[in-house]
Every structure is written in C-alpha cells, then in structure tokens.
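Position one of the sequence shown corresponds to residue 53 (the working numbering), numbered consecutively onward.
Even for Gly, the Cβ is constructed at its ideal location relative to N, Cα and C.
Report on one structure; see the data block that follows.
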Amino acid sequence: MLSRSKARAWITFCLHVWWCARGGGAQNAKDVILLDSKAQQTELEWISYPPNGWEEISGLDENYTPIRTYQVCQVMEPNQNNWLRTNWIEKGDARRIFVELKFTLRDCNSLPGVVGACKETFNLYYQETDSEMGRGLREDQYVKIDTIAADESFTQGDLGERKMKLNTEVRVIDSVTRRGFYLAFQDVGACIALVSVKVYYKRCWSIIENLATFPDTTTGSEFSSLVEVEGMCVSDAEEEADNSPKMHCSTDGEWLVPIGKCICKAGFHQKGDACEPCGRGFYKSSSQDLQCSRCPAHSFTDREGSWRCDCEDGYYRALSDPPSVACTRPPSAPQNLVYNTNQTTVNLEWSPPADTGGRNDVTYRVGCRRCSWEPEECVPCGPTVGFSPAQAGLVDTYVNIVDLLAHANYTFEVEAVNGVSDLSRTQRLFAAVSIATGQAAPSQVSEVIKEKVQQRSVQLSWQEPQQPNGVITEYEIKYYEKDQKDRIYSTVRSKSTSATVNNLKPSTAYIFQIRAFTEAGFGTFGPRLEITTKEEATAAIVSSEQNPVIIIAVVAVAGTIILVFMVFGFIIGRRYALAGPIDSPLLHCGYSKADQEGDEELYFQFKFPGTKTYIDPETYEDPNRAVHQFAKELDASCIKIERVIGAGEFGEVCSGRLKLPGKRDVSVAIKTLKVGYTEKQRRDFLCEASIMGQFDHPNVVHLEGVVTRGKPVMIVIEYMENGSLDAFLRKHDGQFTVIQLVGMLRGIAAGMRYLADMGYVHRDLAARNILVNSNLVCKVSDFGLSRVMEDDPEAVYTTTGGKIPVRWTAPEAIQYRKFTSASDVWSYGIVMWEVMSYGERPYWDMSNQDVSDASPSERSEFTL
C-alpha cells in the first residue's frame, strides 16, 4: 500500500533527478512569454481546491536554483476531483495563445494496492475575464481545452535507474476576447507532478527588409492565416512607384512573401539596411539608380547627398540633358563659308566648326539682312525670302536662298548652335558674307480673277507680281482642258493685266495659269485656276432626255438595297428567336461570338479546318527549347506583383500588372516557382507554359509569357477576376436563368472543340478548372494532366500511374487508363451537371469507389 506521504516524497525525488539530468528548456526567440512557472523562484500561490489535493513543492534545477512545482497523487481513494488554478494572466495583444505543459505521471500498474481508482490523464481548462476574480473557484465557469494524457509514464524501476520520463504537451487557445484568462488543471485520480507551465504567444519580430522597417507583429488567430503588414521606409528612402512594401507574418512567427520595396532617394545610396548620402564629388540623380556616380566632366559638387553636379564656369547643361551628361559649351563659328549667286538666288556652303563644344547636336541657323548702299543701314529680310531646306535647325552644311530682290545688297550670317548655345552669356560666333544680287525674272502672278464666263470664252484679270524685278513688257496666259491635263495646251499673250480667251468648248472645264515677262525673261507660272464654260441650249435637251434613264437606274439600286435589308432582317430575327431576349447583361456570357454555330453561318461564311496541330513538349530533348519556342520571354521589370491570392503546387499564386513597352498595362495572374526547387520541379513547372503557349482561343486561358532568366521563375497568364466556375456558381446560387447557364456551357464547349481540333486531350475537365472573367466569359484552364493524341483519330494516350479524378472521368478511362477526346466529352457532361446544379458535388455522397464500380447507365440515372 502506497501512502500519500510516501508518494509525495517519491515524486519529489524523481523531479530532482530529472532536473539534474535535463536542466531547463530553451526559450524560442519568437515567443512572447505570458507565464513561466519555472522562472519564478518564490511560491506560485496558485489556488488548490480542495486544499488537500494539489500541493506546491520545491525542487532544484541543474544549477541548484529553487523551482516550484505542483503534484497530486490521490490514487487510493475513488471519485477524485482536485482543481488547481493559476493566477490571472493578462493576454496583451495575443491572438493565438499556446500552453506548454511539462509533467511526469506514474503508471497505475506500478502502484500496489490500487484497484480501479487510478487514472493516467488530467484535464486542462480556461476561463476568460477582464480582471482578477478573487480566490473563489466555480467549475461551471471554465471551458475545457483538452484531456491531457502522458505519452510515457514511469514506474518504480525507472526511479532505481535514475531515469525520468518527462512529458511535454502543447495546446492552443484560438481566441481570447477579454483582457485575460485563468488556466485550471483538474485531477480525477492520477499520480502526477506538474513540473512547469508556460503560456506564450508568437510574434514576428521587427525587421528591415528591402529598406523597409516592419514592426513587431502578433501572429494571426487561425492556423493558416497570414497577417499583412505595411512597411515603413527607412530614413532617406521612399516607396517604389505604385509598389509599397508589404510582408506577411505567418502563424510560426516567420516573415513571408515580401511585396514591393523602398529605394534610396536621389542623393543617397544603399549600404546594408540604410541609405547613406553620396560623398563629395559624387551624385545620384534618381531613386531608380543603384549607386552614386562620380561627377561627369566639367562639373563638380562640394556637398554630400547631391542629386546633380554643378557646371564649371563657361560650361552649361541643357534642360533636356540628364545629370549624367557632361557639361558642355557652345561651338565655334562655321569655317570656309562660300557662296554662289544666280540672279536673285544665293547658294551658301560651309564647313563644320573646329570645336563642337563637346556635343553632337550641332545645327546651323542663317541670318539674312538687306542693306542699303550706305554702310550699317540694314533691315531683316522679312518673310518673303525663302530658305531651302530651312533657315534654322539645319543639319547639312548648305542652304539655298530664293526670292531675293534684284539689284540689292544682302548680308548673310551662318551660326553653329548646339543644346547650350542659348544658355551661354558669351558673344556669339558666326561666319558672315555680303552679296549683291543681279537682274532677275519677275515673281509669280498669284491673284487672278474671272471677270466673265461664256459658252465659248472666258475673260480674266490679275494683279502685277509683288516682285516684278524690272519692267514687265507682257503676260502669257496658258490654258488647257482639265481632262487633257497639260499634255496639250494653248497660250494667249497680253500687254495689260487683263485678257479674253476665245474658241473654247461649251460645258468644258479648263485650267488657266499666267506668268509675267521682263528683259530678264519669263517668271514662273502662277497657281492654277479652274473655270467651266457655260452649256449650250442643245445640251439641256440631251440632259432632259437622259433623266428617265437615270431615274430607272436609281429605282433599280434602291430596290436591290431594300431586298438585301429584308433578307438580313429575316436572319437577324431568326437569331433573336433562337437566342431569346437580349436585355439581360448575362445572356451571351461565356462564349465568343465567332464560335456560335447557327444556320446564318451557311449564308455568310465558309469554315475551313485549321492546320495548326499541338506539339507535345515531352518530345523535345531539351525542355527549355519547348518553353522558348511556344512561350514569350518577359522582362521581370515589366511585372509588378500586388498581392498573394493563393498557393499552388510549386509556389505562390499572385495577382499583379504587366506593362509592356508601347502597350497599356493589363491585369495578370502570376504563378511563381518556390525557392530551392530542383531541376525536375522547374521542368514540370514550365511544362504547362509550353502547352498553353500553343493555344489561341477566346475560351481558352491566354498565356502572356514566362520569366525564366531571373528569380523567381514565373508563368504569367491573363487574370480571371471571378475565379473558378464551381466556386463562382456556389456563390451566386440561383441567380441565373437557364439560358444564361447554357451560355456558359456553350463557351466551355467552344474551347474544348478548339483543343480537340488541335489533337489535344485535356483529361481533367471539371468546373474547378474553368475560370470566369469580369465579363462572365468561361475559359478552359489547368493543363497539368493533359496529353496529346496521335494523328490516328482512334489513337489514345495511356497513362502509367497517377491520380485520376474519378467523378469526372469516363468509365473506360478509369478502367484502362486510356484517354481520348471522347473521354473529354464524358467529362463535359459532368461539367454540364455541375453548372445546372450551381456547383454541387457530382454523384452527391457516393464514394469514389462506388462511382468507379457503377455502370455508365447507373451513373446517368443517379445524376438525373
């Protein structure tokens, strides 16, 4: 018979043996301790009820430091109900609380004389309160957490061997809504020693990541929850444009999934986890630059943290020049200016300047002044003078100057300029030449007026040219029929500024041009003037005789147009009759208009079978070659990850934006390959991209491209806002009409028909693998189980293992593991049932084995 005093002494000795052999436990750096009984060397003074139940005893750890424990061993008496309650524990900002118990327990079989009353378990409870409740204890106020059982119990023989079997159990309190709580331990007849009680919660401690500080963060209340935390940029750093830093705190106290980042401001560069100013003589013009750069040529800075360098005296930087460009100066004057005159036209040519000022944007501008015979009496030439190719911005080293006055003096200045010429305060440098023009022909006659138009004659008048360049002796009028152009023309001459042209045809369009003549010769013809002579009386009769013919033609054309509209209206009406009303915004959702099959297609288009055939990526010796042949390689800088939307087999799935050069940005979904992948995982991950890249159909998910030359490896596809079809239907249960549901199925059928025409078997067609976009268009996705068919239409693809989605797979495919487009048709039938039932589980509560054993007819009866 084991007395109470002997049992207590025996347990106390066992505790001392264990602490000397084991020592204390290590504390996790991620844990925030709310209670640790081992750390308290004075009495714990917990509430024990009844008083003769749990006892507080003292022991020594490996450093002979006193520790306090509780024990109970009321195994000789039946119907035990001994309670032990801790002091009040304030939870702080904890969301998910952990309770760690270390205890030893005596094997009931090793206790002599005990019959039926001994237990090898005890119960753990808790009670939430906003403040301390005193020392009273009411059992009905406590909520049970769990029954605690020992993994290992000890016997008296273990004591002789100086071995102690310590049990460690951890339990979780998912949510405490009040300020604090009590823990309580209920003994129902065990011989147990409660060695230590530790209550704690986990926290992600503050870190600096991507130049952003993330504060201490308490983990979420659920096991799989991630707490999103906004980061704050360190000093002298700023958020990257539209990419604020975020991280996620996991329930294990680990920081995961960094998104966005901070970058050092202009004038600062990153060093470790901080931004330091650029030193003297160095600059950083933009936060996008990584490092500080030395000041470019002819510039300097004598302060730290500069975003640009100042130019030296005599040197300048244009407004369009970036800070990385060296300071420059204006060019010297052009060299070797020469000229050639031809009456009132001057040609200038020159050589480039000896000094371009350090720039390659040198152009030339020409100044023109007309001078009198007296020196220094010059005026600008004005807008009447022409420059070819231009007066300013010349790239070539020549210019033609026209429309000068005859017998006049001109001065021309040619100046070389570059991007900083207008900023310079120094004197302008140019080459100049003075020229006297000679005799010249008159300028154009530009203002011609038709005075009188008859059936066979036209009377004209005009003004003298603005620049006659001498005495005009006569004018020449050139005219010809408009239809003949100027291949055959006639001329008439006049001494005055008016003339009459006779012998013309009635009702005929003519073109007239006039030029002046001086001793220097003829000037150029002026602009063309079109005039139509009047009709004769006989022409009106002919016209009236032709009117009935014109009327008959117009009536015939109108009748043809009406007939076409009648046929078109019949076809449109028939389509509306088949499709039903169109006032519902969801009526045509789910399929592309190009894929609709109706009788109207027989009238308006012919369909030819496509020649494109699917190529299995596994036929390539190098899988990377298949990826780069069928998938577009994207630059990782064009992709912006915004948030995590799920987890896949190979890593996280995120949503974000894709901005390609010259195109607007689009929403995309991004599959990432987790860090530490094997080459096989990388190959399997990119295999789906090699498949998707071969498809182009409005009802098949579109592949935007891949990132294989950076980390992480990514697959970028179009973003489908409404997610998977099964979840979407369950969320909107009963909200669609039958016609709308059939429209969704029609879109899926169009996508599957396209895949079958390419010789492609999907093998995993289900509502969960159909995605829905914001316009409710349904698209086939998830090509992980898909395989290709051979050229023979009767050929099949045999699998060698792996899981099969039994509820969606055809019976022959389950039995023989052979897949064809026919087995995809069976799967489509199951998808039809899913859609019409708003995402219900196929075959309801039947097990996979029952579904597999059922005959095709039995399956059909059950779904109906």
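Can you tell which of the options has its C-alpha closest to the C-alpha of residue i?
i: tryptophan 860; options: Tyr895, Phe835, Val829; result: Tyr895
i: alanine 488; options: Arg508, Glu328, His459; result: His459
i: cysteine 423; options: Asn452, Thr463, Tyr391, Ala406; result: Thr463
i: valine 727; options: Val166, Ser719, Glu704; result: Glu704
i: threonine 449; options: Pro404, Thr560, Ile529; result: Pro404
i: tryptophan 359; options: Pro374, Ala370, His350, Asp365; result: Pro374
i: alanine 561; options: Thr552, Glu587, Val437; result: Glu587
i: glycine 786; options: Arg735, Tyr729, Tyr890, Ala688; result: Tyr890
i: glycine 241; options: Glu292, Lys217, Leu163; result: Leu163
i: methionine 772; options: Thr760, Pro750, Pro558, Met766; result: Pro750
i: glutamine 496; options: Gly471, Val151, Glu528; result: Glu528
i: serine 476; options: Pro520, Met299, Cys363; result: Cys363
i: serine 486; options: Leu400, Tyr666, Gly272; result: Leu400
i: glutamate 291; options: Ser276, Glu533, Ile311, Leu278; result: Ile311
i: valine 824; options: Ala808, Arg782, Gly775, Met804; result: Gly775
i: serine 516; options: Ser548, Thr543, Trp878; result: Note that residue 516 is glutamate in the sequence shown here, rather than serine. That would be Ser548, whose Cα lies nearest to the Cα of glutamate 516.
i: isoleucine 197; options: Leu235, Leu278, His300; result: Leu235
i: alanine 741; options: Thr730, Val753, Val247; result: Val753
i: valine 228; options: Lys143, Thr872, Ala264; result: Lys143
i: cysteine 125; options: Pro118, Lys171, Leu112, Thr436; result: Lys171
i: glutamine 193; options: Pro103, Glu180, Asn821, Val166; result: Glu180
i: alanine 906; options: Lys154, Pro579, Val505, Ile866; result: Ile866
i: arginine 893; options: Val829, Ala819, Gly573; result: Ala819
i: tyrosine 416; options: Gly434, Ala385, Asn394, Thr397; result: Ala385
i: glutamine 518; options: Glu673, Gln901, Leu278, Pro494; result: Pro494
i: leucine 246; options: Gly357, Gly111, Gly366; result: Gly111
i: glutamine 343; options: Lys317, Asp145, Gln511; result: Lys317
i: lysine 723; options: Asp736, Gly714, Pro713, Ser339; result: Asp736
i: serine 351; options: Lys684, Tyr335, Val794; result: Tyr335
i: methionine 804; options: His784, Ala779, Val832; result: Val832
Please check the pair residue i and residue j, which I expect to be a contact at CB under 8 Å, by giving their CB distance rounded to whole angstroms.
i: glutamate 499; j: phenylalanine 482; result: About 38 Å separates the two Cβ atoms, so there is no contact after all.
i: valine 418; j: phenylalanine 439; result: 6 Å
i: threonine 269; j: cysteine 256; result: 5 Å
i: arginine 709; j: glutamate 694; result: 7 Å
i: glutamate 108; j: leucine 96; result: 6 Å
i: alanine 12; j: isoleucine 769; result: The requested residue 12 does not occur in the structure, where the chain is confined to residues 53 to 916.
i: phenylalanine 919; j: serine 258; result: Nothing can be reported for residue 919, as the shown portion of the chain is limited to 53 through 916.
i: arginine 147; j: serine 345; result: About 48 Å; that fails the 8 Å criterion.
Provide the residue(s) that pair with residue i in DSSP beta bridges, ordered along the chain.
i: cysteine 256; result: Thr269
i: methionine 804; result: BP columns for methionine 804 are empty, so no partner.
i: glutamate 704; result: Ala699
i: asparagine 394; result: Thr397
i: glycine 419; result: Glu465
i: methionine 284; result: Thr265
i: proline 118; result: Leu112
i: cysteine 830; result: Val824
i: cysteine 363; result: Ser351
Do residue j and residue i have their beta-carbon atoms positioned less than 9 Å apart in this structure?
i: threonine 570; j: glycine 522; result: yes
i: lysine 711; j: cysteine 739; result: no
i: tryptophan 402; j: asparagine 412; result: no
i: proline 986; j: glutamate 280; result: Here the chain covers residues 53 to 916 and nothing more, so residue 986 does not appear.
i: leucine 755; j: methionine 766; result: no
i: aspartate 325; j: lysine 254; result: no
i: phenylalanine 174; j: valine 222; result: no
i: aspartate 288; j: phenylalanine 320; result: yes
i: leucine 224; j: serine 89; result: Note on residue identity: the sequence assigns valine, not leucine, to residue 224. No.
i: isoleucine 315; j: arginine 187; result: no
i: aspartate 203; j: asparagine 134; result: no
i: arginine 381; j: glycine 409; result: yes
i: glutamine 395; j: alanine 572; result: yes
i: arginine 545; j: glutamine 565; result: no
i: glutamine 511; j: alanine 551; result: yes
(message) In chain order, what are the residue ranges of uninterrupted beta strand (DSSP E) at least 3 long that sit wholly in the region 760–784?
(response) For the region 760–784, whole beta strand (DSSP E) runs of length 3 or above, ordered along the chain, are 766–770.
(request) Return the chain-ordered ranges of every beta strand (DSSP E) run that is complete within the region 226–257 and spans a minimum of 3 residues. (result) If only uninterrupted beta strand (DSSP E) runs of at least 3 residues are considered, those enclosed by the region 226–257 are 232–239, 243–256.
(message) What ranges does the beta strand (DSSP E) occupy inside the region 457–496, keeping only unbroken runs of at least 3 residues that lie completely in it?
(response) As far as the region 457–496 is concerned, its whole beta strand (DSSP E) runs of at least 3 residues are 461–469, 482–488.
(message) Report the start-end ranges of each beta strand (DSSP E) in the region 286–342 that is 3 residues or longer and not cut off at the edges.
(response) Here the runs fully enclosed are 289–291, 298–301, 307–311, 314–316, 320–323, 326–329.
(request) Entirely within the region 558–589 and at least 3 residues each: give me those beta strand (DSSP E) ranges in chain order. (result) Considered as a whole, the region 558–589 harbours 561–570, 581–584 as its complete beta strand (DSSP E) runs of no fewer than 3 residues, in chain order.
(request) Any chance you could list the beta strand (DSSP E) runs of at least 3 consecutive residues sitting entirely within the region 488–546, in chain order? (result) Counting only runs of 3 or more residues that sit fully inside the region 488–546, the beta strand (DSSP E) segments are 500–505, 510–514, 526–533, 542–546, in chain order.
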